[in-house]
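Peer 1: Following this message is one structure expressed as structure tokens.
There are 2 protein chains.
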Amino acid sequence: MTVIALSGGVGGAKLALGLSRILPPDELLVVCNTGDDFEHLGLSISPDIDTVAYTLAGVANPELGWGRGDETWSFMETLGTLGGETWFRLGDRDLAVHIERTRRLRAGETLSAVTAGVCKRLGVAPRVLPMSDDPVRTRVRTDEGWIDFQEYFVRRRCEPVVHELAFHGAATARMQPDFQAALADRQLKAVVICPSNPFISIEPILAVPGVREALAACPAPVVAVSPLIGGRAIKGPTAKMMAELGMKPSAGGVARRYGELIDAYVCDFADMDQVAGIDAKVTLGQTMMKTLADREALARTVLGAARVLRR
Amino acid sequence: MTVIALSGGVGGAKLALGLSRILPPDELLVVCNTGDDFEHLGLSISPDIDTVAYTLAGVANPELGWGRGDETWSFMETLGTLGGETWFRLGDRDLAVHIERTRRLRAGETLSAVTAGVCKRLGVAPRVLPMSDDPVRTRVRTDEGWIDFQEYFVRRRCEPVVHELAFHGAATARMQPDFQAALADRQLKAVVICPSNPFISIEPILAVPGVREALAACPAPVVAVSPLIGGRAIKGPTAKMMAELGMKPSAGGVARRYGELIDAYVCDFADMDQVAGIDAKVTLGQTMMKTLADREALARTVLGAARVLRR
């Protein structure tokens with residue numbers, strides 16, 4: 000394993016796809032946030048793992064940023080007519096993954112094993128891992144008190160003002176063993192923090208005991224990619240959340256949030272002025288990933304930024 | 000409540016539909032076998048309740064005899080590509096009922112309450128009840144030993160030779176209270192044993208403690224409808240199973256199996272010679288139900304057979 004990518008959902012998945020297209024499959028490990036996993040309708044749902052897996056498999060829905068492109072919606076439509084809960088949209092094909100995952104987890108398999116099985120069947124070549132096989136659940140303190148992450152993120156569309164985040168279960172969660180081993184591997188060339196929301200996608204991973212220490216001690220440079228361009232997120236509540244948490248929503252603000260954790264920082268040409276004075280080695284590039292070529296180009300930029308720093 | 004219909008799946012549901020079209024909704028109670036209920040893919044599935052509910056709602060699949068006519072199959076197709084179990088076919092819309100039922104049962108609702116909720120949403124006017132809110136599970140002793148009912152019925156397509164049936168849980172199951180009350184109601188006009196498989200659809204109902212006694216004591220005649228015509232079942236393994244259990248597969252054989260339980264017996268004109276000498280009052284009619292008019296006509300024949308016997 001030579002490159003580890005830490006990823007949340009859509010933005011992270013795009014860069015992971017770029018990396019998967021320029022690296023041999025056995026040289027990329029994508030470690031996914033599981034803080035926004037939850038149990039819903041009796042099912043174990045892992046949104047970030049699925050977004051990454053679907054994106055790498057080429058079946059992701061490019062418009063929605065979640066779910067599959069080849070989806071049908073009979074289940075959800077009928078559930079609505081039955082008076083069931085429809086605020087979290089589950090497509091008919093997507094549902095097969097949740098049913099299968101739930102069944103295997105109940106039978107005692109780890110989330111890693113289930114994820115590996117699903118990825119293999121989807122034809123995903125690089126390894127995709129949860130940050131931990133133990134449950135971690137992000138909760139959000141808002142003006143209305145603490146609420147579960149998906150309640151905040153999907154049901155309330157990120158409208159409540161965020162004051163604080165907590166990662167329940169993180170303190171006792173164990174790093175996924177292959178993730179831990181890969182971080183200590185002398186062959187490791189780079190750790191990439193994908194352009195995901197720092198607070199809800201990356202910090203849950205960092206909250207697992209040992210991850211921050213392993214990143215500090217690992218033989219390879221840690222390169223983060225800014226999720227903001229011109230102070231705005233491409234998708235999701237990163238900028239809004241930063242402002243609510245008392246930070247300036249900017250590429251520089253994200254870099255400062257990561258602080259000493261990162262050795263290099265890739266941000267958009269547009270944000271050149273925002274990153275003056277940060278500790279990490281800055282690389283400017285085009286971070287907007289509209290096309291497949293954009294994803295590959297950003298992946299090359301990121302690996303290039305790591306190469307010049309290799310210790 | 001003036002008519003109670005005891006029903007299994009497709010044949011019973013057809014007659015229940017006929018009854019529902021000639022009786023006011025509050026004068027019909029359909030009590031369904033739950034012996035073929037099972038847990039599959041983490042879901043609580045009640046095939047006979049659903050077949051009856053879908054049939055009464057007008058959404059049943061007329062070709063398959065199970066599931067819905069307006070169905071799509073994305074879930075099952077995708078589950079197959081994931082290596083999941085696909086021998087029990089679950090359509091995308093059908094799945095919504097199973098997910099909703101499973102969720103509500105886990106939340107502590109009774110199967111009766113869940114069934115009432117689903118039927119209301121489907122627009123089913125007559126009441127549909129499980130025979131019991133306690134789980135009863137039919138098992139089949141075959142040449143290969145005891146196997147679960149759906150394993151026998153769906154996965155093995157009724158191929159194994161049947162030697163014995165058992166209804167696990169029946170001995171401690173309680174009659175559904177409204178079923179029990181309806182059987183004791185002085186207004187009861189008839190109990191109809193629908194043309195369902197006696198061994199796997201009706202006898203699980205009869206195995207619930209108190210049902211046989213309540214039928215014997217009830218103020219109304221019990222009228223059974225033969226599931227066989229000319230020694231053959233319209234659908235399902237009734238005739239095969241009778242032969243394997245050492246009985247002659249005939250309309251008369253079914254009547255003798257019910258014995259003193261029934262006061263009247265409706266069988267097809269074709270089987271006139273088969274029912275000589277049975278104890279119940281025989282009414283001949285057309286029992287094949289191809290059209291909606293056939294279902295209504297058979298319902299009238301059955302209610303007529305009850306009327307002449309009313310005690």
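Residue numbers (numbering that gives the first Met the number 0), protein chains in the order written: chain A, 0 to 310; chain B, 0 to 310. No residue lacks a Cβ here, since even glycine has one placed at the ideal position from N, Cα and C. In this text the structure is predicted, and so the values were computed from the model without any measurement.
One question on the structure: do residue 45 of chain B and residue 5 of chain B come within less than 8 Å of each other, judged by their Cβ atoms?
Peer 2: No, these two residues do not count as a Cβ contact at 8 Å.
Peer 1: Start and end of the beta strand (DSSP E) containing residue 40 of chain A?
Peer 2: Residue 40 of chain A -> no beta strand (DSSP E), and no H or E assigned at all.
Peer 1: Whose CA, out of B/119, B/43, B/64, lies closest to the CA of residue 136 of chain B?
Peer 2: Out of B/119, B/43, B/64, B/43 has the C-alpha closest to the C-alpha of residue 136 of chain B.
Peer 1: What residues of chain A sit near residue 96 of chain B, judged by a beta carbon separation below 8 Å?
Peer 2: Neighbours of residue 96 of chain B on chain A, chain order: 77, 81.
Peer 1: Tell me where the beta strand (DSSP E) around residue 4 of chain A begins and ends.
Peer 2: Start and end: 2 to 6.
Peer 1: Name the residues in the segment 49 to 80 of chain B whose C-beta lies less than 7 Å from a C-beta of chain A; which are they?
Peer 2: Of all residues in the segment 49 to 80 of chain B, 71, 73, 74, 77, 78, 80 have a Cβ within less than 7 Å of some Cβ in chain A.
Peer 1: Straight-line CA distance for residue 192 of chain B to residue 201 of chain B?
Peer 2: Each residue's Cα considered, the two are about 8 Å apart.
Peer 1: Pull the bridge partners of residue 280 of chain B from the DSSP assignment, please.
Peer 2: B/263, per the DSSP bridge assignment.
Peer 1: List, in chain order, every chain B residue whose beta-carbon is nearer than 9 Å to that of residue 41 of chain A.
Peer 2: Correct list: 41, 42, 98, 101, 102, 105.
Peer 1: According to the neighbour-count rule (16 or more other Cβ atoms, all chains shown, within 10 Å of its Cβ), is residue 171 of chain A buried or exposed?
Peer 2: It is exposed - the Cβ of residue 171 of chain A has fewer than 16 other Cβ atoms within 10 Å.
Peer 1: Determine the direct distance from the alpha carbon of residue 79 of chain B to that of residue 228 of chain B, and round the result to whole angstroms.
Peer 2: Roughly 38 Å between the two C-alpha positions.
Peer 1: Determine which residues of the segment 128 to 151 of chain B have a Cβ less than 9 Å from any Cβ of chain A, and write them out in chain order.
Peer 2: Cβ contacts with chain A: none found.
Peer 1: For the segment 152 to 173 of chain B, list every residue whose C-beta sits within 7 Å of some C-beta in chain A, in sequence order.
Peer 2: Answer in chain order: no residues at all.
Peer 1: Between which two residues does the alpha helix (DSSP H) harbouring residue 137 of chain A extend?
Peer 2: Run containing residue 137 of chain A: none in the alpha helix (DSSP H); it sits in the beta strand (DSSP E), 136 to 141.
Peer 1: Skipping 5 residues on each side, what residues in its chain have a beta carbon closer than 6 Å to that of residue 284 of chain A?
Peer 2: Once the five neighbours on either side are set aside, the close Cβ partners of residue 284 of chain A are 265, 300.
Peer 1: Between the segment 71 to 86 of chain A and the segment 94 to 102 of chain B, are three or more C-beta pairs nearer than 8 Å?
Peer 2: Short answer: they touch.
Peer 1: Beta strand (DSSP E) containing residue 166 of chain A: first to last residue?
Peer 2: First-last of the beta strand (DSSP E) with residue 166 of chain A: 161 to 167.
Peer 1: Whole angstroms is fine: what's the gap from residue 90 of chain B's alpha carbon to residue 294 of chain B's?
Peer 2: Using only the alpha carbons, I get a separation of about 26 Å.
Peer 1: What residues from chain B crowd round residue 91 of chain A, counting only those whose CB sits closer than 7 Å?
Peer 2: The contacting residues are 71, 73, 74, 91.
Peer 1: For residue 129 of chain A, which beta-bridge partners are listed by DSSP?
Peer 2: A/31, per the DSSP bridge assignment.
Peer 1: List, in chain order, every chain B residue whose beta-carbon is nearer than 7 Å to that of residue 120 of chain A.
Peer 2: Neighbours of residue 120 of chain A on chain B, chain order: 80, 81, 82.
Peer 1: Please classify residue 219 of chain A: does DSSP put it in a helix, a strand, or coil?
Peer 2: Three-state DSSP puts residue 219 of chain A in coil, outside helix and strand.
Peer 1: Got a sec, what are the start and stop residues for the alpha helix (DSSP H) residue 9 of chain A sits in?
Peer 2: 9 to 21 is the extent of the alpha helix (DSSP H) around residue 9 of chain A.
Peer 1: For residue 124 of chain A, collect the residues of the same chain with a Cβ closer than 8 Å to its Cβ; drop the 5 residues on either side in sequence, then sort them by chain order.
Peer 2: If we look at residue 124 of chain A and ignore the five residues flanking it on each side, its Cβ neighbours are 19, 24, 55.
Peer 1: I need the DSSP call for residue 232 of chain B, collapsed to helix, strand or coil.
Peer 2: Strand.
Peer 1: How is the alpha helix (DSSP H) around residue 250 of chain A delimited, first residue to last?
Peer 2: Segment 250 to 257, the alpha helix (DSSP H) holding residue 250 of chain A.
Peer 1: If the criterion is Cβ atoms closer than 8 Å, does the pair residue 50 of chain B and residue 106 of chain B meet it?
Peer 2: No; because the gap between Cβ atoms is not below 8 Å, this pair is not in contact.
Peer 1: Along the chain, where does the alpha helix (DSSP H) containing residue 91 of chain B start, and where does it finish?
Peer 2: Residue 91 of chain B -> alpha helix (DSSP H) spans 91 to 105.
Peer 1: Exposed or buried, what is residue 268 of chain B when buried is set at 16 or more other beta-carbons lying within 10 Å of its beta-carbon?
Peer 2: Exposed, because fewer than 16 other Cβ atoms sit within 10 Å of the Cβ of residue 268 of chain B.
Peer 1: I want to see whether chain B comes within less than 8 Å of residue 123 of chain A, judged by CB atoms only; does it?
Peer 2: Not an interface residue.
Peer 1: Determine, using beta carbons only, whether residue 113 of chain B comes closer than 8 Å to chain A.
Peer 2: No, residue 113 of chain B lies away from the interface with chain A (no Cβ there is under 8 Å from its Cβ).
Peer 1: Should residue 117 of chain B be flagged as near chain A, meaning a C-beta pair shorter than 8 Å?
Peer 2: Yes, residue 117 of chain B counts as interfacial toward chain A.
Peer 1: Give every residue of the same chain whose Cβ lies closer than 7 Å to the Cβ of residue 238 of chain A, excluding the five residues on either side of it in the sequence, and list them in chain order.
Peer 2: Result list for residue 238 of chain A: 227, 230, 231, 232, 248, in chain order.
Peer 1: Assuming residue 191 of chain B is part of the beta strand (DSSP E), what are its boundary residues?
Peer 2: Unbroken beta strand (DSSP E) run through residue 191 of chain B: 189 to 192.
Peer 1: With 8 Å as the threshold, decide whether the Cβ of residue 236 of chain A is near any Cβ in chain D.
Peer 2: As a matter of chain content, chain D is missing from the structure shown, whose protein chains are A and B.
Peer 1: Taking all protein chains shown into account, decide if residue 86 of chain B is buried (16 or more other Cβ within 10 angstroms of its Cβ) or exposed.
Peer 2: By the neighbour-count rule (16 or more Cβ atoms within 10 Å), residue 86 of chain B is not buried but exposed.
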